[in-house]
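Structure record follows, encoded as structure tokens.
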Amino acid sequence: MLPRAGAVLRHGLGTPDEHQVTLYSGDHTHAFYASHSGSFPNIFAYGTPVAGCFPQGNEYQETFLTCHVDLARPLGTMQERQALYGYRGTAQDADMWNWSDDPPARFGERGGLSNVSRFSTLSRQDYVAVDVAFHYPRSANSAWRTNLPEWPPVPAQGKPPVDWRRQVLFLKDDDPALTAYLLIRDSIKGGQPTMWQMWNVSEKIGTPDEVQDLAAFLADKPGYAIVPYRELKGDRFTAIGQLGVDVEYYIASPTDTPRHTLRWGSDMHDWANKLAQPEYQDLLHLQMPGDGAYFVAFYPRKRAWAAPTFSTLGDGTIIKVSGDFGTDYGFLSALEATAAGGG
């Protein structure tokens, strides 16, 4: 745990199959902007990047709302859409930020941010909880990107205050080369529409039926191309990784709201070496019209491994995950609760 900055969950340190999950939380604004609090800047599994920010070499490049819950609103302007993709500028550009309430071009909020609320680490599981208060709108002045696709439609405009508790359970085998995955529960109150999203280092995102014939599914993979949003159906999706590690998603909650994906990217510059490396990623985008919980299993696996099966138990507080490794019952609740499922 890092005071005023968040936590890092690691497994298999120094091995080829190292796992790392970085979670920002706190008010250490020299390390990150307030709007980052509660988000994952990067997730590595089996020595491979699988989700997180768009890399930018020595130039500051952050993708806002990476696996981040925030207020949903109609995205009518380029500035509003830009806020969901990323801000490009050097670290010295922090003094360009405008903390006024008008116009609220950014989804990020200031004030009321907490440090890590709970943290524990054990041999087979790590746990971290953070509380974030979105109580004040925030805007920014910057040069906006112009190559952004349309954003998925959102039901209504959201406004502060909204309070959000993020709980992360990192389950891991003794051997880092074997099963390790995340359960993420984001509990929301404030009566406002919100959205949850994760950028994936992937070729495409599809349903289990779509990815069953992997060669056919990837026959039209977009590569270095921007792809508009499309709606996904169901509660199970697979992000086919660019580097041989795929991510299985299971959405235990919400159960009856839209899911979307889109693809975006550009040439990410390393100004020190005058290089440009294309970087394109796929977004998983969820929505919720009011109070409730986003409860998601994020299960990286090596390409040759069979996908596990998932189910929800205990009135929505338990995700059951079964595979070759056995069966896990992952319980997460923002409030004290008792739950049972499957005997």
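For the sequence shown, the positions run 501 to 843 when the numbering used here is used. Note that the Cβ used here is the ideal one computed from N, Cα and C, for glycine as well.
Alpha-carbon to alpha-carbon, residue j and residue i
i, j, result
"Pro660", "Val630", "18 Å"
"Thr838", "Pro728", "43 Å"
"Asn700", "Val747", "8 Å"
"Asp782", "Leu835", "33 Å"
"Leu762", "Ile726", "8 Å"
"Leu622", "Thr548", "23 Å"
"Pro503", "Val632", "15 Å"
"Met698", "Gly741", "14 Å"
"Gly826", "Phe810", "12 Å"
"Phe634", "Lys689", "11 Å"
"Phe540", "Leu648", "22 Å"
"Arg801", "Thr679", "7 Å"
"Val821", "Phe831", "11 Å"
"Trp805", "Gly526", "37 Å"
"His517", "Tyr749", "Looking at the sequence provided, one finds Asp at residue 517 rather than His. Approximately 20 Å, taken between the alpha carbons."
"Ile684", "Gly792", "14 Å"
"Val616", "Ser537", "10 Å"
"Lys721", "Leu509", "32 Å"
"Leu786", "Glu731", "10 Å"
"Asp709", "Thr738", "10 Å"
"Gln625", "Asp713", "34 Å"
"Phe459", "Arg736", "This structure does not reach residue 459, given that the chain is present from 501 up to 843, and the question cannot be answered."
"Gly814", "Asp767", "46 Å"
"Asn542", "Tyr829", "25 Å"
"Ile705", "Ala840", "33 Å"
"Gly823", "Cys553", "30 Å"
"Ser833", "Asp663", "15 Å"
"Ala591", "Val796", "Here the model assigns Ala591 a pLDDT of 24, short of 50, so the residue's position is not dependable, and the following value carries that caveat. Answer to the nearest angstrom: the Cα atoms are 32 Å apart."
"Asp686", "Tyr627", "14 Å"
"Gln672", "Ala807", "Note on residue identity: the sequence assigns Lys, not Gln, to residue 672. So the alpha carbons of these two residues sit roughly 16 Å apart."
"Thr707", "Ala719", "16 Å"
"His519", "Trp651", "31 Å"
"Trp599", "Tyr780", "Caution is warranted here: a pLDDT of 31 is assigned to Trp599, below 50, making its placement in the model unreliable, and the coordinate value is therefore given only provisionally. Taking the straight line joining both Cα atoms gives about 30 Å."
"Tyr546", "Leu784", "21 Å"
"Met501", "Ile819", "26 Å"
Sheet register partners of residue i (DSSP bridge)
i, result
"Thr707", "Beta-bridge pairing links Thr707 to no other residue."
"Phe795", "Arg685, Ser753"
"Trp651", "For Trp651, which the question treats as bridged, DSSP gives no partner whatsoever."
"Arg759", "Leu732, Leu786"
"Phe544", "Gln520, Pro549"
"Asp570", "Met695"
"Gln712", "Bridge partners of Gln712: none, in fact."
"Thr679", "Its beta-bridge partners do not exist; DSSP assigns none."
"Thr809", "Ser822"
"Lys672", "Ala680"
"Ile740", "Lys704"
"Leu509", "Val521"
"Glu836", "Answer is none; Glu836 lacks a bridge partner."
"Ser766", "Glu779"
"Tyr829", "Lys820"
"Leu502", "Gly506"
"Tyr627", "Ser620, Leu669"
"Ala633", "Asp663"
"Asp746", "Arg801"
Exposed unless 16 or more other CB atoms sit within 10 angstroms - verdict on residue i
i, result
"Ala656", "exposed"
"Gly658", "buried"
"Leu523", "buried"
"Lys733", "exposed"
"Gln667", "buried"
"Tyr794", "buried"
"Ala640", "Low confidence applies here, because Ala640 scores a pLDDT of 46, under 50, leaving its location unreliable and the question unanswered by this model."
"Gly842", "exposed"
"Glu703", "buried"
"Pro778", "exposed"
"Ala715", "exposed"
"Gly514", "exposed"
"Ala505", "buried"
"Arg759", "buried"
"Trp597", "With a pLDDT of only 30 at Trp597, under 50, the local geometry of the prediction cannot be trusted, and the value read off the model is given with reservation. Classification of Trp597: buried, given that the 10 Å Cβ count is 16 or more."
"Arg674", "Checking the sequence, you will find Asp at residue 674 rather than Arg. Flag for Asp674 reads exposed."
"Thr817", "buried"
"Leu575", "No answer about Leu575 holds up, because its pLDDT of 47 lies below 50 and its placement is not dependable."
Rounded Cβ spacing between residue i and residue j (contact assumed at less than 8 Å)
i, j, result
"Phe619", "Ala507", "6 Å"
"Phe670", "Val569", "Contact flag wrong, Cβ pair sits at about 19 Å."
"Met695", "Ala572", "5 Å"
"Gly765", "Tyr724", "7 Å"
"Leu682", "Phe798", "4 Å"
"Leu803", "Gly744", "The sequence given here has Arg at residue 803, not Leu. That belief holds up - the Cβ atoms of Arg803 and Gly744 are roughly 5 Å apart, short of 8 Å."
"Gly790", "Pro653", "Their Cβ separation, rounded to whole angstroms, is 17 Å, which puts Gly790 and Pro653 out of contact at 8 Å."
"Pro676", "His511", "5 Å"
"Met788", "Thr812", "With 8 Å as the limit, Met788 and Thr812 do not qualify as a contact, their Cβ atoms being about 16 Å apart."
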